[in-house]
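What follows is a set of notes on a single structure, which appears directly below.
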Amino acid sequence: MAQGRRIAIYGAGYIGLVTGACFASLGHHVTVVDIQQERIDMLNAGRVPIYEPGLAELLRDHGDRLTFTVDGRTAAARAEVVYVCVDTPPTVSGDADLSRVWNVVRVLEGAERLQAVVTKSTVPVGTGARIRAALDGMGLVAVGYGSNPEFTAEGRAVGDFMNPDRVVVGAADDATARLIAEIHQGVNGPVVVMDVESAELTKLAANALLATKISFANEIANLAEAVGGDAASVLQAVGMDHRLGAHFLNPGLGYGGSCFPKDTTALKTLAGSAGYHFQLLAAVIEVNSLQQRRPVIRLKEALDGLSGRTVAVLGMTFKPGTDDMREAPSRVIVGRLLAEGATVRCWDPLAPDVSGAEPWSATTRHHSPIEALQGADAALVATEWPALQQVPWQEAAAAMARPLLFDGRNALDPAEMTAAGFTYLSVGRADLPPR
Ligand code: UDX
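Numbering follows the UniProt record's numbering, with no gaps: position 292 of the sequence shown is 292.
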């Protein structure tokens, strides 16, 4: 086990909490800071504000090494290492909003025990250099600066953190690089050391390439729909080439979530402000936004218009295994269904109560898929929840006004669905009428 360090983590969101819990499990003394009092109160009461498998157990088992507070200044004064894990949402112009990062930097003034400030938040290339200058300006000249980007995926973040493909450490000096590597002792993965700018760019480049694979898969799927062929078979065979890899080649409704939409736009904007037109990435983003609109077009065709029709949307979160609704494709789809005059009935096992938010306020939420499907003219699978495999589909088809199903995630078995009586539409293969 690593020598226990005093680490202050700013941001009690998905990244901050997972990082804090995992560092505590490695033997460090961790203080997690957040500006939301309510969030901190919940954590202090032993409740976890987000759903992430394994996180609640880690927080409980290592609670003696974890503190939660809104007092960022005191946490900084006691810390040897500060981790910046706050969110950096996109601004209207597409670049990252760094205001929360700067709020953290400000409370570091006078932090006497501090040895390093490390950023995990995804930031534009060059941010580290600006933070470095700010630290120098506050007299924290001897404090090292590092970039340690996060590559964990939601729903498997604890496992990804403890068993990463790599830990990327960007630092300007060897001592800081060594310190960041040292606090990861016990993490099962190679440490790759580079300069700060390279680490910042690695994060954006990795997400951009993953997003590119998804958009490519979606384009092949759309092409297969036009010229014939089964995209799933094609992409599986393509992905078996080890130079390409099988992951992130599943066509569907386009990518969503807190990272890909934000990071692809941020990288494109960053490139643009440096005078470089990142053409490939611009196309990746465009393909993704068109992909989210395709199900609406196809349902409109199949139903001969959407006005007055009822559509059941199965799945609301951006992917299964999470309660995260950020940039969920379902949101775009539901918004457009409503704009076309459809009535929308929703089901999701984990999505939080969003009934007060656009566009969900104009929809109804149901406890089970079969309840949502009652009387509907069409069903749309927007998130591939495992629970969908357990739906009695024959009963479901009978409960609908018309048994039409668009499987936006290719999650269900086409033969089974047609046998259950559905007209089955999916992504990247021929539509199947009921048997
Ligand atoms: C992603 C990256 O995987 C992670 O490394 C990074 O740190 C943060 O962003 P996450 O957003 O949690 O993680 O979700 P991920 O599982 O990667 O899925 C992102 C989106 O892409 C989802 O909407 C998913 O449905 C979609 N996707 C993924 C596809 O449409 N096809 C695929 O083949 C894979």
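Ideal Cβ placement from N, Cα and C applies to all residues, glycine included.
Predicted model only: the values in this text are computed from it and were never measured.
Selected residue, minimal CA-CA separation from V193, among E340, V187 and R166: For the purposes of this step, residue 193 is identified with residue 193 of the sequence shown, where counting begins at 1. Of the candidates E340, V187 and R166, the one whose C-alpha sits nearest the C-alpha of V193 is R166.
Counting only the same chain and skipping the five closest in sequence on each side, list residues whose C-beta sits under 8 Å from that of P320. Within the sequence shown, residue 320 is the residue found at index 320, counting from 1. Cβ within range, chain order: G155, T383, E384, W385 and P386.
Exposed or buried, M240, counting other C-beta atoms within 10 Å across all chains shown (16 or more means buried)? Position 240 of the sequence shown, counting from 1, holds the residue named residue 240. By the 10 Å Cβ count, M240 comes out exposed.
Less than 8 Å between C-beta atoms, sequence neighbours within five positions excluded: which residues of the same chain meet that for V18? Counted from its first residue, the sequence shown places residue 18 at position 18. Correct list, in chain order: E52, L55, T152, A157, V158 and F161.
Under 8 Å, with one C-beta from each stretch per pair, do the segment 56 to 63 and the segment 39 to 48 reach the 3-pair mark? yes
Can you tell me which residues form a DSSP beta bridge with S426? Translated into positions along the sequence shown, residue 426 becomes position 426. Beta bridge pairing from DSSP links S426 with D407.
Ends of the alpha helix (DSSP H) at V101? In the sequence shown, residue 101 corresponds to position 101, counting from 1. Counting along the chain, V101 sits inside the alpha helix (DSSP H) bounded by residues S99 to R106.
Stretch-stretch touch, CB-based, cutoff 8 Å, three pairs: the segment 357 to 371 with the segment 333 to 346: yes
Between the Cα of A206 and the Cα atoms of A12, L267 and R326, which residue gives the shortest distance? Position 206 of the sequence shown, counting from 1, holds the residue named residue 206. Residue L267 is the option with its Cα nearest to A206.
Check: T152 C-beta below 7 Å from any heavy atom of ligand 1: One-based indexing of the sequence shown puts residue 152 at position 152. Yes, the beta carbon of T152 sits closer than 7 Å to at least one heavy atom of ligand 1.
Give the single residue among R178, L404, N218 and R106 whose Cα lies nearest to the Cα of L299. Translated into positions along the sequence shown, residue 299 becomes position 299. Answer by Cα proximity: L404.
Determine the extent of the alpha helix (DSSP H) in which V332 is found, giving its start and end residues. Here residue 332 refers to the residue found at position 332 of the sequence shown. That run of the alpha helix (DSSP H) goes P329 to A339.
Just to confirm, does Y145 get its C-beta within under 7 Å of one of the non-hydrogen atoms of ligand 1? For the purposes of this step, residue 145 is taken as the residue at position 145 of the sequence shown. Y145 Cβ: outside cutoff for every heavy atom of ligand 1.
Close Cβ partners of G11 (< 6 Å) along its chain, the five nearest in sequence each way excluded: Taking the first residue of the sequence shown as 1, we reach residue 11 at position 11. Once the five neighbours on either side are set aside, the close Cβ partners of G11 are C85 and V86.
Check whether the segment 102 to 121 and the segment 249 to 260 are in contact - that is, three or more C-beta pairs closer than 8 Å. Pairwise C-beta distances place the segment 102 to 121 out of contact with the segment 249 to 260, as fewer than three of them are shorter than 8 Å.
Express the C-alpha separation of G4 and L244 in angstroms, rounding to a whole number. As a working mapping, residue 244 is identified with position 244 in the sequence shown. As a working mapping, residue 4 is identified with position 4 in the sequence shown. Cα-Cα distance, rounded: 40 Å.
Own chain, CB closer than 8 Å to A246, minus 5 neighbours either side, in chain order: Numbered from 1 along the sequence shown, position 246 holds the residue referred to as residue 246. Same-chain partners within the cutoff: Q236, G239 and M240.
Residue nearest to G128 in terms of C-alpha spacing, selected from M138, G139 and G144: Indexing the sequence shown from 1 puts residue 128 at position 128. Taking each of M138, G139 and G144 in turn and checking the Cα distance to G128, the smallest one comes out for G144.
For ligand 1, is there any heavy atom lying closer than 7 Å to the beta carbon of C259? Taking the sequence shown and counting its residues from 1, the one referred to as residue 259 is at position 259. Within the cutoff, so yes.
Secondary structure of F68, DSSP reduced to three states: Counted from its first residue, the sequence shown places residue 68 at position 68. Note: F68 maps to strand in three-state DSSP.
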